[in-house]
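Residues are numbered in the working numbering as their position in the sequence shown, beginning at 1, plus a constant of 43. In this text, a Cβ means the ideal position worked out from N, Cα and C, and glycines have one as well. Remember, predicted model here, so these are calculated numbers, not experimental data. Structure first, commentary second.
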Amino acid sequence: MTTQESVHTDQVTITEDGRVLNDPTHSEPIGHGNSPAAWSMVFLVLAGVLVAGVGMLMWNMVIVGIGAAIAVGGVVLAFVLRQLGYGVGGSKTKSHH
């Protein structure tokens, strides 16, 4: 058998080097937060941490507070977007089943 050949057992295909090609237990994509709600949160939390970090370097607690507020706002926005159907599997995303 060459490395290109595979062994077929019921529904699972296992290559000679041990890779599982069509495992029925993982037939559906997991998602892991790949949604508008999740990406909005990631962007805003990172921006907030960056602003807060700059504020700390400048020793300006007002800017630190603004950065913290941006980060918290990102979490709140993600929750609201998820409730509106923009989360993983939501009614307004491509991954809706």
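Output the boundary residues of the beta strand (DSSP E) element that contains Val-85.
Looking at the DSSP string, Val-85 is not in any beta strand (DSSP E); the run it does join, the alpha helix (DSSP H), is 79-101.
Rounded to whole angstroms, how far is the Cβ of Gly-110 from the Cβ of Ala-95, which I believe are closer than 8 Å?
3 Å
Do the CB positions of Val-85 and Gly-117 come within less than 9 Å of each other?
yes
I need the DSSP call for Val-123, collapsed to helix, strand or coil.
helix
Since Ala-80 and Leu-124 should fall inside the 8 Å C-beta cutoff, what is the C-beta to C-beta distance between them, to a whole number of angstroms?
4 Å
Helix, strand or coil for His-140 per DSSP?
Low local confidence applies: a pLDDT of 49 at His-140 is under 50, so the model's placement there is unreliable, with the coordinate-based value given in what follows. Coil, per DSSP.
Within its chain, find whatever has a CB closer than 8 Å to the CB of Gly-133; leave out the 5 residues flanking it on each side and keep chain order.
Ser-78, Ala-80, Arg-125, Leu-127, His-139
Going by DSSP in three states, Gly-141 sits in which element: helix, strand or coil?
Residue 141 is absent from the structure shown; the chain starts at 44 and stops at 140.
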